[in-house]
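Comments concern the structure below.
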Amino acid sequence: MTLTDPNTFNANESPALMARAVDLVKSYGSGEAEVRALNGINVEFARGQLTAVMGPSGSGKSTLMHCMAGLDVPTSGRTFIGDQEIGTLDDSGLTQMRRDRVGFIFQSFNLVPTLSAAENITLPVDLTGRKVDQVWFDFLVDQLGIKDRLTHRPAELSGGQQQRAACARALISRPDLIFADEPTGNLDSNASAELLTFLRRSVTEFHQSIVMVTHDPRAAAFADRVVFLADGTLVGELHEPTADAVLEQMKQLGA
Amino acid sequence: MWRITVKGLRGHKLRLALTALAIVLGVTFVTGTLVLTDTLNNTFTTLFGQVYQNINFEVRGVAAFPASGAAGAIRKPLPESILAAVKAVPGVEVADGGVSGYAQFIAPNGKAITTGGAPTIGSSYSADRRLSSLRLVAGKPPSTSTQVVMDQGTARKYHFSVGNQVRILLPGSPQTFTLSGIVGFGTADNLAGATIAAFNLPTAQRLFGELGHLNTIDVITTPDANKTAVEHGIAAVLPAGVEVVTGQTVAAEQSSAINQSLGFFSTALLVFALISLFVGGFTIFNTFSITVGQRTRELALLRIVGASRRQVFRSVLFEALLLGVGASLVGIGLGVLTASGLETLLKAFGITLPSGSLVFQSRTVFAGLLVGVGVTVVSAISPARQAVKIPPIAAISTYEVAQRESSARRLTIGTVIGVAGIGVLAVGLSQPAIQLVGIGAVGLFIAVGILAPVIARPASSVLGRPLARILGVSGRLGRENSMRSPRRTAQTSAALMVGLALVSTIAVFGASLSKSATGTVSDAVSADYIITAPATGGSDTGLSLGATEAVAAVPGVTRVTNVNSGQFEISRSLATLSSLAPSDLSSTVILNMTSGASAKSLAEGMLLIDTTTANTNHLSVGSVVPVTFAETGPTSMRIGGIFKPNALLGSYLTGSGFFHAHFAATTFPVAVLLATSTGATAPTSAAVKAALRDYPNLTVQTRAAFEKTQQASIDQLLGLVYALLALAILIALIGIVNTLMLSVFERTHEIGLLRAVGMRRRQIRAMIRSEALILSVFGALIGVVVGTGLGVALADSLKQQGITDIVIPFTNLVIFLVLAALLGLVAATWPARRAARLNVLEAIATE
Ligand SMILES: Nc1ncnc2c1ncn2[C@@H]1O[C@H](COP(=O)(O)OP(=O)(O)OP(=O)(O)O)[C@@H](O)[C@H]1O
Ligand SMILES: [Mg+2]
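Chains Y and S supply the protein sequences, listed in that same order.
Taking this note's numbering as reference, the numbering of the first sequence is continuous, increasing by one, and the terminal residue is 860.
Taking this note's numbering as reference, the numbering of the second sequence is continuous, increasing by one, and the terminal residue is 895.
As structure tokens, then:
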């Protein structure tokens, strides 16, 4: 049945790897003012896993995500989604990739203000001109608990409802990989927990791959694996983390 | 994607309404003009169709110069004897002849009845009802030599009724007639505002100097006659130089002649409509680029969730398309209303139209939609390309995404377009080709629009400095706001810039024209008095020959010279030939001869030409040129001298002896020049006026007064042009309101903050007004500078045509600047109020 189908992926692609970065460097500005946001990063994200990215503010988490998603251009190094090298894609290739393979959830401003929640959710499919999978749509809004909010515009939704709509939108076109940058950053602990539970379920039940940047050790505890960044370099990782283990690691990095 | 566009449009109603207004106004103007012209065209076509519906054939003289257009052609009168021959042709049931000429009524108050452009027609009244275009509505036909019938329009307006006495100006002396009846023209009260005086045939022949002659013979055939056979039969009895044509042909010629003159009027209106739309285009371009800027995050978000560049591009253009269609439809509707309003206005001027319904062709809808939608969509192309360049990351990055375009590129593109524009303009002016001038000017304006952002920042800084000093913090913030986005400042001012550039062009051109006209009169005429008749709209001037005789008898008048003019063909092209009596030339006109002799040549019937004509046609004293006259046919003339251009006399001049030998005896003078022994003194003026008491249509002016009228008529024309340009300025102001509104919305949060930290409402208003002031003065300044340049170029290119002085009317230009600044302040009223009313709490809450 459609709901539990594993993600379809290119048969030639390595089955375990969803995305990776090789010697990734990104610097802003030049000369004296140069900032190295990423300083030679090598990282791999596994298929069908929820990976959390953590690190102090300014450590390069967002930059890493932007480079890996093709939103920003690395100064040097290579990034891949599956076996597809991002650097070789032109604008229309990148658009195609965003349509078919990746979804995004941000901390805020996820929704187009003039469209209703339902229209925002189906936007990625509408843009491709395809038909919305109504069963999948109903399932998502039902599971996320926003069924009775579909006709409202973003300004009429609570922060948690907005994030859940954004989550449904990210999943509607069944992308290979979802990038989420502090998706719970603006939510209280209840709303966070609901959203994270859903993300966790989509990984476990539908084999969705997710990379999530977060500052919250409790959020990281929902992940299969946590990678730690500091000053633009990878400084450690944890598998099957608990909130306490994450907190411990954070303290060490902070010291 | 369409849904996003439509929803987005609905979400910004106000912005939409203001942007649409610019298009609505332009399209209204275009549609109104088209509907009005179509209606008038249709009216006259129908009218002449009715008038000639019974007439099968018309016999008339062959047009002398077919090139001058069928209806205005000069035709020799026919000998009356032809009528009997035509009547005898088998199949002719009725045939009757008619004559026409100058006749102008005098109102009960003693003033001549003028028509404001339409002819004052005198004609014979046909005995046969079926032949006459005049339809008797009261009284009887004129049967004696002292009776006349009058058109119903004039009768109504001046309260004439059957049996009244009415005085009429004629080619000879004025005479008094009894009103035997009142007539309509076809189904109308009169012919497009013309006055009609109809006499019985012998009287008309006598009054118009056509004894023994007819101008036309109208023919009705028997019902069963073979039309072609009758036409051939008539043609067979006609002498050379006389032709027979069908009634339909005449009707078509008459209506097309009127429609042609209306065509000029509608072209002029359309030009102004297009100018308004061009200015509207700037406004739209500006609104779209601002909103694209404001929607950066939203557009980037669309890109992130998978919108392609093409989809973003199309969504902006689609928005423009919807807006254009909506605004154009509204404009078309309003245009029709305007046209019916104009029709009422025409009625107020005494031009009654027979069939009252407006003509609304599908072409009008197409034209309205085409220009409205076209201008909107084209103006949105550049903003749409701007939208495409927004990188997806702009949706989420908290860092300012660098999207700066190089000002070097702007400079290059602007300069290239500017140079090309000036080039085309220069070619257009030297040709002269008016379309090229237009295209060149458009190019130049666009180039200035492109280049303006480069100087907008320093200019705003300088313009804002005094404001900052006077208004303190409000002025300083206003100044900074306009410096913050120089591109927006420049784009907003661009519309006003175009408007003011055009106004300044006209001001410089007009001042130069005015000065030159004054200069030319004093350089052309030495007479003490100049007598003229206001144009009667017909080919006759209304300067009755009787008037010349009357003034000659005034004591102190030493010389009376008639200036005559008429059409002739020289070297196969139509031109105007003027004539003067050769004696005492110097006491009436100033002829600056560059070669040859003046008086002697005129006396010998030679041709004098001005230097311009001599140069362009490579003619010199002694050259012989072929000429043709309507009355006497082809001959040749020898050039006797060459004179410097003279405003009164035109390009070709000959002696009055030669002139009268080749033109009809009834040809009126265009002006009468008087030299006196006393100069222009009050008693002499009174005596001359008294002598002309019988001719209330004539104006007697001293040379100084004549100069003034020349100037006044130029000023009147300029006033009209300014009025039409006012619409363009209005649209530019709407653009300023729009931009200010948008920037108030955009800065809601910031304004809220300012209020929260203690800024007063008054100070907020002052801030917005300062910004408006900087915007408008910036646009106006550039406009005035560019316009002055254009005006000087235009005036300079017409040196050959008699613009001798180039005048820059500094006072006027400064007045324009001050007016623009004031209008800018007016434009700021609403946005300023809106900003001051913002609720502080809500303003801070919005992100
Ligand atoms: N567009 C940019 N221009 C200049 N510097 C930038 C830009 N983007 C990021 N940086 C710099 O790169 C570094 C990493 O930024 P990044 O946003 O990736 O950090 P982060 O880990 O996401 O921080 P936070 O947890 O606060 O979101 C910072 O020092 C930042 O100043
Ligand atoms: Mg970040």
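Where a beta carbon is used, it is the ideal one built from N, C-alpha and C, also for glycine.
Owing to the predicted nature of the structure, the values given are computational and were not obtained by experimental measurement.
Chain-ordered chain B contacts of residue i [CB-CB under 8 Å]
| i | result |
| --- | --- |
| Val746(Y) | The structure shown contains no chain B; its protein chains are Y and S. |
Proximal residues to residue i (C-beta, below 8 Å), its chain only, five neighbours per side dropped
| i | result |
| --- | --- |
| Ala572(S) | Val637, Ile638, Asn694, Ala695, Leu696, Leu697 |
| Gly727(S) | Asp576 |
| Gly289(S) | Gly109, Val110, Lys124 |
| Thr789(Y) | Gln768, Ala796, Ser797, Leu800, Leu801, Thr819, Asp821, Ala824 |
| Val407(S) | Val83, Asp86, Thr87, Asn89, Asn90 |
Residue i at chain Y interface by Cβ criterion, 8 Å
| i | result |
| --- | --- |
| Glu346(S) | yes |
| Gly341(S) | no |
| Gly354(S) | yes |
| Leu349(S) | yes |
| Ser403(S) | With a pLDDT of 48 at Ser403(S), under the threshold of 50, the modelled position of that residue is not reliable, and the figure given next carries that caveat. Answer no: the Cβ-Cβ gap between Ser403(S) and chain Y never drops below 8 Å. |
| Arg357(S) | yes |
| Pro857(S) | no |
| Pro514(S) | no |
Closest Cα partner of residue i within the set the options
| i | options | result |
| --- | --- | --- |
| His671(Y) | Ile691(Y), Pro661(Y), Pro718(Y), Thr847(Y) | Ile691(Y) |
| Leu839(Y) | Asn644(Y), Lys631(Y), Arg754(Y), Glu639(Y) | Asn644(Y) |
| Gly835(S) | Gly80(S), Ala549(S), Val134(S) | Ala549(S) |
| Leu628(S) | Met641(S), Ala305(S), Leu650(S) | Leu650(S) |
| Ser303(S) | Leu390(S), Ser626(S), Thr93(S) | Thr93(S) |
| Asn157(S) | Lys205(S), Thr168(S), Ser193(S) | Lys205(S) |
| Leu418(S) | Val72(S), Ile230(S), Ala804(S) | Val72(S) |
| Gly241(S) | Pro167(S), Leu515(S), Ala468(S), Glu528(S) | Pro167(S) |
Nonlocal neighbours in the same chain, by C-beta distance under 6 Å from residue i, ignoring five residues either side
| i | result |
| --- | --- |
| Ala843(S) | Phe557, Ser560, Ile851, Ile854 |
| Ile438(S) | Thr344, Leu347, Ala348 |
| Asp738(Y) | none |
| Asn715(Y) | Ala771 |
Pair within 8 Å by beta-carbon distance, residue i and residue j
| i | j | result |
| --- | --- | --- |
| Arg774(Y) | Val353(S) | yes |
| Leu477(S) | Val608(S) | no |
| Ile687(S) | Ser704(S) | no |
| Cys772(Y) | Leu749(Y) | yes |
| Met861(Y) | Gly734(Y) | In the structure as shown, chain Y begins at 606 and stops at 860. Residue 861(Y) is therefore absent and cannot be evaluated. |
| Gly170(S) | Leu88(S) | no |
| Ile103(S) | Leu179(S) | yes |
| Ser613(S) | Pro219(S) | no |
Counted within 10 angstroms of its Cβ, other Cβ atoms place residue i as buried (16 or more) or exposed
| i | result |
| --- | --- |
| Ile726(Y) | buried |
| Arg620(S) | exposed |
| Ile710(Y) | buried |
| His710(S) | buried |
| Lys563(S) | buried |
| Leu870(S) | exposed |
| Ala175(S) | exposed |
| Glu890(S) | exposed |
| Gly341(S) | buried |
| Arg795(S) | buried |
Cβ of residue i within 8 Å of any chain S Cβ
| i | result |
| --- | --- |
| Arg703(Y) | yes |
| Leu742(Y) | First, the amino acid is wrong: residue 742(Y) is Phe here, not Leu. Not one chain S Cβ lies under 8 Å of Phe742(Y). |
| His671(Y) | yes |
| Thr809(Y) | no |
| Gly750(Y) | no |
| Gln813(Y) | no |
| Ile774(Y) | First, the amino acid is wrong: residue 774(Y) is Arg here, not Ile. So yes, Arg774(Y) belongs to the interface. |
| Ser697(Y) | yes |
| Thr613(Y) | Residue confidence is low: Thr613(Y) scores 42 on pLDDT, short of 50, so the model does not pin down where it sits. No coordinate-derived value is stated. |
| Thr656(Y) | no |
| Asp677(Y) | yes |
Chain-order list of residues whose beta-carbon lies under 7 Å from that of residue i (same chain, five-residue window excluded)
| i | result |
| --- | --- |
| Ser522(S) | Gln811, Ala814, Met815, Ser818 |
| Gly634(Y) | Val640 |
| Gln854(Y) | Phe833, Gly841, Leu843 |
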